[in-house]
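All residue numbers for the sequence shown refer to this note's numbering, where the first residue is 41 and numbers rise by one. Ideal placement from N, C-alpha and C gives every residue a C-beta, glycine not left out. Here the structure is a predicted model, which is why all the values come from computation and not from measurement. Heads up: the structure comes next, in structure tokens.
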Amino acid sequence: MFFRGKQPEASIWRRFRANTDGFTFAQEGEHYAAHVVANAERVVDLFHTMLEHLPPAVDIYVDELRSGRSWKAESVALPDVRDAIARLKLLLSRYGGVEIAVYTSDDQLTLNPYLELFVYAKTDRWLYLLEGKGLEEQRKLQTKSWKLKRAAFPAAPDLVNAVQGAVERLSLQRA
């Protein structure tokens, strides 16, 4: 027999998250900035999920640290960007080492090489979106203690090849 209360059932992520999972949110001049730290899979999934709140055409910048190559494009269809990132999610969360920034004139979502998510915006709407995803705002976060230098990321040929495939599908140009 199961008993249900007024509280919704806790997600698996909520039950097993680390104490360091959460986000900071601050106003910096005329812009708002959020910094999200959680386990690798959660951050990559959040990045992919939060992109759906952007307009239909976005600009994108990709920096693949292992090869030292970077690409960019303007006015790329958002569904194509989300599809490309969905294909990379497993490899990104396993290896890191790729920075992806998706942005418009009002918002920017960036997954950094250390698998932290940064959101920059002209409004505070991302605060409510992050809270709606089950994250808790914190005054201070402990960032990844294992940050590596650009050349110190371990080899990940599968990820490098997958990023190259995504770049080709999205028709990105060398930056």
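- A check of alpha carbon separations from A74 across A195, T163, L210 identifies T163 as the nearest.
- Bridge partners of S110 according to DSSP: D103.
- Burial is judged here by how many other beta carbons sit within 10 angstroms of a residue's own beta carbon; E177 has fewer than 16 and is exposed.
- Here G136 carries a coil assignment [DSSP, helix/strand/coil].
- Nearest C-alpha to G108 among E208, V203, R209, L210: V203.
- Contact between the region 135-154 and the region 97-117 is established, with three or more Cβ pairs separated by less than 8 Å.
- Here the alpha carbons of E70 and E208 stand approximately 36 Å from one another.
- The Cβ atoms of L86 and A206 do not sit closer than 7 Å to each other.
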